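> Pasting a structure here, questions to come.
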Amino acid sequence: LSEDVATPSRTKEILKKHDLVLKKSLGQNFLIDQNILHKIVSAADLGPGKGALEIGPGIGALTQQLAKLAERVLAVEIDQRLLPILAETLEPYPHASVVHGDVLKLDLPELFRQHFEGKVDAVSVVANLPYYITTPIIMKLLEEKLPLENIVVMIQKEVADRMAAAPGSKDYGSLSIAVQFYCEPELVTIVPRTVFVPQPNVDSAVIRLRVRTAPPVDVEDPDFFFEVVQSSFVQRRKTLYNNLAARFFTKETKAELEGLLLGINIVPSRRGETLSMEEFARLTSALRAYGC
Ligand code: SAM
7 LSEDVATPSR
17 TKEILKKHDL
27 VLKKSLGQNF
37 LIDQNILHKI
47 VSAADLGPGK
57 GALEIGPGIG
67 ALTQQLAKLA
77 ERVLAVEIDQ
87 RLLPILAETL
97 EPYPHASVVH
107 GDVLKLDLPE
117 LFRQHFEGKV
127 DAVSVVANLP
137 YYITTPIIMK
147 LLEEKLPLEN
157 IVVMIQKEVA
167 DRMAAAPGSK
177 DYGSLSIAVQ
187 FYCEPELVTI
197 VPRTVFVPQP
207 NVDSAVIRLR
217 VRTAPPVDVE
227 DPDFFFEVVQ
237 SSFVQRRKTL
247 YNNLAARFFT
257 KETKAELEGL
267 LLGINIVPSR
277 RGETLSMEEF
287 ARLTSALRAY
297 GC
């Protein structure tokens, strides 16, 4: 009954038994490799007193491993056809629950209250994410300020590279800054396509985001900070001056931007992709003080 589902033969057997055709539109690429599962689970630092939230359990390959370690597991799955299979896979683990729904629409703070509050000391998200909505899921988890310890997720390698990128690299952009404002990212491992069924047509990576207790920079209005960051990357090949002028200044006031940038030690001809988070924070305060 508790046989691990993440092997090629067992996964095939389950899909056949339930006559299940996997849906590409739901990002259904299931893991069939125990080694990768163990790498994901060990990066999440689970154990007694720890909870795990899984997004998209599929037929329960990762859920089983989470249930072996965590005190409580909550898995959110959109595809109703998978619920009876999950009930079978998770039968030996009564501390693992499945909720049917779209993670982007569910009230996650409420689910946290029901499933984790007063029952565990810390919760981590651990998931092999559906790739068509990787960024919206991560941003929802971060912006709702859920009390999370870690987010350990399998995602497209290209997205993992952007999340972990440092200033000056080609991958650095508004996603890097949004993620690094809330978390410390660390690439855990790169994953070959062969560990999934069916195989996805992109390379994958496991990334760990350690959720920070406070942002690394002092920002009064985070919404305005992210607006400044986004405006600075609207046209990557344009200078910071040109991108900011287009968003916050008029023909008449544009000349003042140069002085504003020089006043905070940022050369106007630099590109957004060279600015550190600290420099973006300084820029945000200066634009606010100017009246933007
Ligand atoms: N965890 C399983 C594994 O590793 O084998 C399955 C991972 S598969 C990449 C992604 C899973 O997310 C699928 O089971 C899919 O049905 C589910 N899913 C897709 N969109 C979802 C959404 N909006 N909300 C919740 N689950 C979703």
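Residue 298 is where the sequence shown ends in our numbering, and the numbering goes up by one at each step. The C-beta atom is built at its ideal place from N, Cα and C for all residues, glycine as well. As the structure is a prediction and not an experimental result, all values here were calculated from the model.
1. So, do the region 222-229 and the region 282-296 have three or more beta carbon pairs nearer to each other than 8 Å?
2. Say the cut is 7 Å; is the CB of L88 nearer than that to a heavy atom of the ligand GDP?
3. Have a look at T259, Q241, G265 and S291 and flag the residue whose alpha-carbon is nearest the alpha-carbon of G278.
4. For the ligand SAM, I want to know if Q366 counts as a neighbour, meaning its beta carbon is within less than 7 Å of at least one of the ligand's heavy atoms.
5. Could you give the uninterrupted runs of the alpha helix (DSSP H) lying entirely in the region 102-147, keeping only those of 4 residues or more?
6. Alpha carbon to alpha carbon, how far is D167 from T17? Give it in angstroms, no decimals.
7. Should V132 be listed as close to the ligand SAM, given that the test is whether its C-beta is under 7 Å from any heavy atom?
8. Does the Cβ-Cβ distance between V158 and V132 come in under 8 Å?
9. Quick check on A67: does DSSP put it in helix, strand or coil?
10. P153: beta carbon under 7 Å from a heavy atom of the ligand SAM?
11. To the nearest angstrom, how far is it from the Cα of L59 to the Cα of A252?
12. Hey, V194 and V212 are a contact pair by Cβ (cut 8 Å); roughly how many whole angstroms apart?
13. Checking the sheet assignment: what are the DSSP bridge partners for C189?
14. Could you pull out every unbroken alpha helix (DSSP H) segment of at least 4 residues lying fully inside the region 203-289, listed in chain order?
15. Given S103, which residues of its chain have a CB within under 6 Å of its CB, disregarding the five upstream and five downstream residues?
16. Using DSSP bridges, identify the partner residues of G57.
17. By Cβ distance below 6 Å, which residues in the same chain neighbour L215 in space, the five residues on each side in sequence not counted?
18. Tell me which residue opens and which closes the alpha helix (DSSP H) that I42 is part of.
19. Taking Cβ positions, are V234 and T280 nearer each other than 8 Å?
20. Give me whichever residues DSSP pairs with E159 in a beta bridge.
21. Give a yes or no on contact between the region 67-77 and the region 143-157, applying the rule of three or more CB pairs nearer than 8 Å.
Based on what the coordinates show:
1. Short answer: they touch.
2. Ligands present in the displayed structure are limited to the ligand SAM, and the ligand GDP is not among them.
3. If you number the sequence shown from 1, residue 278 lands on position 272. Comparing Cα positions, the closest option is Q241.
4. With the chain running from 7 to 298 in the structure shown, residue 366 is simply not present.
5. As far as the region 102-147 is concerned, its whole alpha helix (DSSP H) runs of at least 4 residues are 114-121.
6. If you number the sequence shown from 1, residue 17 lands on position 11. If you number the sequence shown from 1, residue 167 lands on position 161. Going by the C-alpha atoms only, they are around 30 Å apart.
7. Residue numbering aside, residue 132 sits at position 126 when the sequence shown is read from its first letter. In this structure, the ligand SAM has no non-hydrogen atom nearer than 7 Å to the beta-carbon of V132.
8. What you label residue 158 is simply residue 152 of the sequence shown in a count that begins at 1. What you label residue 132 is simply residue 126 of the sequence shown in a count that begins at 1. Result yes, Cβ atoms of V158 and V132 sit closer than 8 Å.
9. In the sequence shown, the residue the question calls residue 67 occupies position 61. A67 falls in the helix class under three-state DSSP.
10. Stepping through the sequence shown from its first residue, residue 153 is reached at position 147. Every heavy atom of the ligand SAM is 7 Å or more from the Cβ of P153, so no.
11. Along the sequence shown, read from residue 1 onward, the residue named residue 59 stands at position 53. Along the sequence shown, read from residue 1 onward, the residue named residue 252 stands at position 246. Near 42 Å, if we compare the C-alpha coordinates of A252 and L59.
12. Taking the sequence shown and counting its residues from 1, the one referred to as residue 194 is at position 188. Taking the sequence shown and counting its residues from 1, the one referred to as residue 212 is at position 206. Indeed they touch by this definition, with Cβ atoms about 4 Å apart.
13. Within the sequence shown, residue 189 is the residue found at index 183, counting from 1. Answer is V217.
14. 228-238, 246-254 and 260-269
15. As a position in the sequence shown, residue 103 is number 97, starting the count at 1. Closer than 6 Å at Cβ, skipping near neighbours: L80.
16. By 1-based counting over the sequence shown, the position of residue 57 is 51. For G57, the beta-bridge partners assigned by DSSP are R78 and V129.
17. Within the sequence shown, numbered from 1, the residue matching residue 215 stands at position 209. Here L215 has I157, C189 and P191 as same chain residues with Cβ atoms under 6 Å from its own Cβ, once five neighbours each way along the sequence are excluded.
18. Sequence index remark: in the sequence shown, residue 42 carries index 36 (1-based). Run containing I42: Q40 to A49, per the alpha helix (DSSP H) assignment.
19. As a position in the sequence shown, residue 234 is number 228, starting the count at 1. As a position in the sequence shown, residue 280 is number 274, starting the count at 1. No, these two residues do not count as a Cβ contact at 8 Å.
20. Translated into the one-based positions of the sequence shown, residue 159 becomes position 153. What sits at residue 159 in the sequence shown is Val, not Glu. In DSSP, V159 forms a bridge with A133 and I213.
21. A contact is defined here as three or more CB-CB pairs under 8 Å, and the region 67-77 fails this definition with respect to the region 143-157.
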